[in-house]
Every structure is written in structure tokens, then in C-alpha cells.
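Colleague: Quick one: the structure is below, and I'll ask about it shortly.
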Amino acid sequence: MRKADLITQISDKTGIPKVDVMVALETMFKEIKQSLISGENIYIRGFGSFITKKRAAKIGRNIKKNIAVEIPEHYIPAFKPAKEFVKEVKSKKLDDSPVNDDMEEE
Numbered sequence: 017m018r019k020a021d022l023i024t025q026i027s028d029k030t031g032i033p034k035v036d037v038m039v040a041l042e043t044m045f046k047e048i049k050q051s052l053i054s055g056e057n058i059y060i061r062g063f064g065s066f067i068t069k070k071r072a073a074k075i076g077r078n079i080k081k082n083i084a085v086e087i088p089e090h091y092i093p094a095f096k097p098a099k100e101f102v103k104e105v106k107s108k109k110l111d112d113s114p115v116n117d118d119m120e121e122e
């Protein structure tokens, strides 16, 4: 499912115009990004948590030049699903609907 498909489904189910749904969705994404950039985690009960994970400094290798490269400590965004969310996905039968519908169409 793409963002446009999500906007269409939300609009169809709620009756809210697509433009308003798109603005709300874009604002939500922007706020999640800004919160993570500022070091704040976001917890959505029953859905999951958007968090930043700390990656330790390490030595990497540039294989082409055969030199060691120092990779500094940095943070990456991550999503941790809630237990209820994981339970629902796990209990979903594989026969009900293919997971990669979009991939087959392209």
C-alpha cells in the first residue's frame, strides 16, 4: 500500500476530503520526524513506539580502497510495535490475503 492508497482508504472510511486527510497525514509524519530529531520518543498505545536507537562508534572498511574508516556514534530512527499489534499480525492467517499485493501488480 502506498501513501496515496492510505489517503484514499481513510477518506472513503471517514468521509473526510482527501486533501484534508493528506494534510493531516503529512503533519503527523512531520511531527514524528521533528520529535525524533529533538530526542523525544513517541508512544502510541496499542500501535507502537517511534524511538531513536544509539549506534556505537565502530571501525568500518572501505573494501575498494582497503582502508579502515571510523564510523562515529550516531542515532537512527526505529519503530517498535506494541504487543497487541504484533499479536494481531501473528494471528492473521496467510491464506486470508497476500502480504505483497503491490509487488505482484507492478
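Here the sequence shown stands for residues 17 to 122, where the numbers follow the numbering used here. C-beta: ideal position from N, C-alpha, C; glycine also. Quantities reported herein were computed from a predicted structural model and do not represent experimental measurements.
Alpha carbon to alpha carbon, how far is Ile32 from Lys106?
Modeller: Residue mapping note: residue 32 aligns to position 16 of the sequence shown, counting from 1. Residue mapping note: residue 106 aligns to position 90 of the sequence shown, counting from 1. For Ile32 and Lys106, the distance between alpha carbons rounds to 31 Å.
Colleague: In terms of alpha-carbon separation, which member of Leu52, Lys69, Met17 and Ile23 lies closest to Glu42?
Modeller: Within the sequence shown, numbered from 1, the residue matching residue 42 stands at position 26. Among Leu52, Lys69, Met17 and Ile23, the Cα nearest to that of Glu42 belongs to Ile23.
Colleague: Using the C-alpha atoms, what's the distance from Met38 back to Glu104?
Modeller: For the purposes of this step, residue 104 is taken as residue 88 along the sequence shown, with counting starting at 1. For the purposes of this step, residue 38 is taken as residue 22 along the sequence shown, with counting starting at 1. Their Cα atoms are separated by approximately 27 Å.
Colleague: In chain order, what residues of the same chain have a beta carbon less than 7 Å from the beta carbon of Ser27, not counting five sequence neighbours either side?
Modeller: Along the sequence shown, one-based indexing puts residue 27 at 11. Within the same chain, Ser27 has close Cβ partners Pro33, Lys34 and Val37.
Colleague: Pick helix, strand or coil for Glu42, following the three-state DSSP scheme.
Modeller: The count along the sequence shown starts at 1 and reaches residue 42 at position 26. DSSP places Glu42 in the helix class (H, G or I) of the three-state scheme.
Colleague: I'd like to check one pair, Pro93 with Leu52: are the Cβ atoms closer than 8 Å?
Modeller: Here the question's residue 52 lines up with position 36 in the sequence shown. Here the question's residue 93 lines up with position 77 in the sequence shown. In this structure, Pro93 lies closer than 8 Å to Leu52 by Cβ.
Colleague: Using CA coordinates, which residue listed in Gly55, Phe66 and Val102 is at the minimum distance from Met44?
Modeller: Position 28 of the sequence shown holds residue 44. Here the closest residue by C-alpha is Phe66.
Colleague: What separation, rounded to the nearest whole angstrom, lies between the Cα atoms of Gly76 and Asn82?
Modeller: Looking up residue 76 in the sequence shown gives position 60. Looking up residue 82 in the sequence shown gives position 66. Gly76 and Asn82: Cα-Cα distance of roughly 10 Å.
Colleague: What's the gap between the Cα of Lys108 and the Cα of Lys99?
Modeller: Residue mapping note: residue 108 aligns to position 92 of the sequence shown, counting from 1. Residue mapping note: residue 99 aligns to position 83 of the sequence shown, counting from 1. Spanning the two alpha carbons is a distance of roughly 14 Å.
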